[in-house]
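Colleague:
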Amino acid sequence: MTTLATADDAHAWGAQLAPTLVAGDVIALCGNLGAGKTQITRGIVAGMGSHADVTSPTFTLVHEYVDGRLPVFHFDFYRMENAAEVIGIGWDEFFSEPGVIIVEWADMFPGLMPPSTRWFHIEALPDGSRRVTEGPLAK
Ligand SMILES: Nc1ncnc2c1ncn2[C@@H]1O[C@H](COP(=O)(O)OP(=O)(O)OP(=O)(O)O)[C@@H](O)[C@H]1O
Ligand SMILES: [Mg+2]
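At position 51 of the sequence shown (counting the first as 1) the number is 54 in my numbering, and the numbers step up by one without a gap.
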């Protein structure tokens, strides 16, 4: 469990996670709107050494950041209707890529996520800080 007091702390936390990641890793980021999923993704992408400007893939399923140590494929399931829609966009193809997959709102379609997925749960606390917990998705 980690407490992130500010958005900058969330970025730094993502950045320190980046060097620990290897090709094939899948990161699920769960938490309410505004919890900080994209902010943590920014940190991970920056920690890979990418200079990309990270925004949520709102109108496309995925953004690809390929100028760092490992490619990062950044998904957001929030606006997807169902798992079949995600699969139809080419979800399976990304698992043969030597990169890291990050999925915001992965808990919407948990059946799409591989067993090796690292699940992170982000919660906003009343004081504005965020609590990050790693662990399996509660059934
Ligand atoms: N401690 C904190 N950790 C992370 N973000 C914070 C924190 N305090 C404030 N923020 C702000 O909260 C917002 C978090 O937005 P972000 O887009 O990362 O959330 P999100 O979980 O991706 O939301 P969405 O579900 O809409 O995609 C940002 O504006 C960020 O600056
Ligand atoms: Mg987001």
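We put the CB at the ideal spot given by N, CA and C, even for glycine. The structure presented is a predicted model; accordingly, all values stated were derived computationally and were not measured.
Quick check: is any heavy atom of ligand 2 less than 7 Å from the C-beta of Ser59?
Modeller: yes
Colleague: Please determine, among Thr6, Ile47, Cys33, the residue with the shortest C-alpha to C-alpha distance to Leu73.
Modeller: Ile47
Colleague: Quick check: the Cα distance between Trp16 and Ala87, rounded to an integer number of angstroms?
Modeller: 33 Å
Colleague: Per the DSSP calculation, Arg121 is bridged to which residue(s)?
Modeller: Answer by DSSP bridge pairing, in chain order: Ile30.
Colleague: Would you report the Cα separation of Arg82 and Thr61, rounded to the nearest angstrom?
Modeller: 7 Å
Colleague: Can you give me the C-alpha to C-alpha distance between Val135 and Tyr68, rounded to a whole angstrom?
Modeller: Pairing Val135 with Tyr68, the inter-Cα distance amounts to about 24 Å.
Colleague: Can Leu64 be considered in contact with ligand 1, in the sense that its beta carbon sits closer than 7 Å to one or more heavy atoms?
Modeller: no
Colleague: Once you ignore the five residues that flank Phe112 on each side, which residues in its own chain have a CB closer than 8 Å to its CB?
Modeller: Phe80, Met83, Asn85, Ala86, Val89
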